[in-house]
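Step one of this worksheet: look at the structure below.
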C-alpha cells in the first residue's frame, strides 16, 4: 500500500510542475530511491508496478540524454534486485537456492 504522504508528494509535484521541474522519469527514480529505506515503502513501490515504471523511467532518461538520472535509476533497480534475491533465500549447502 502506498503511503498518504507519498501520494500527497506526487500530487503536489504534478500540481507545481513546470517545464524546468523534474521530468516524470526523474520523479519515478526519486520515488524508487526513497522506497529503498523502508521495507513497507519498498513493498508498496513494487506492488504499484514501480519496477515497470522504473524501467520506463530509466529508458526515458536515457532517451532524454539525462545520464545522471538514468544511472540513479539503474542503481535503484539493482537495489531492488538485491532485495528480491535476499527475500528468495540464500544458497543451500548443495548450491541449490532455498525457497
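Numbering (the working numbering), first residue to last: -5 to 93.
C-beta: ideal position from N, C-alpha, C; glycine also.
Fair warning: this is a prediction, and the values are worked out from it, not measured in the lab.
Helix, strand or coil for residue i, going by three-state DSSP, please let me know.
i, result
"residue 81", "helix"
"residue 59", "coil"
"residue 152", "It is not possible to answer for residue 152, since the shown part of the chain is limited to -5 through 93."
"residue 15", "Because residue 15 carries a pLDDT of 49, less than 50, the predicted location of this residue cannot be relied on, and no value is offered for it."
With 16 as the cutoff for other CB atoms within 10 Å, does residue i come out buried or exposed?
i, result
"residue 22", "buried"
"residue 70", "buried"
"residue 67", "buried"
"residue 64", "buried"
Check each candidate in the options and name the one with the smallest Cα separation from residue i.
i, options, result
"residue 31", "81, 82, -2 and 73", "73"
"residue 35", "-1, 76, 80 and 75", "-1"
"residue 50", "62, 82, 19 and 3", "19"
"residue 45", "25, 82, 81 and 3", "25"
Following the continuous alpha helix (DSSP H) through residue i, name the residue where it begins and the one where it ends.
i, result
"residue 108", "An answer regarding residue 108 cannot be provided, because it is not within the stretch -5 to 93 covered by the chain."
"residue 31", "No alpha helix (DSSP H) holds residue 31; DSSP gives it neither H nor E."
Between the segment 33 to 51 and the segment 63 to 82, do at least 3 Cβ pairs fall closer than 8 Å?
-> Result yes; three or more Cβ-Cβ pairs closer than 8 Å.
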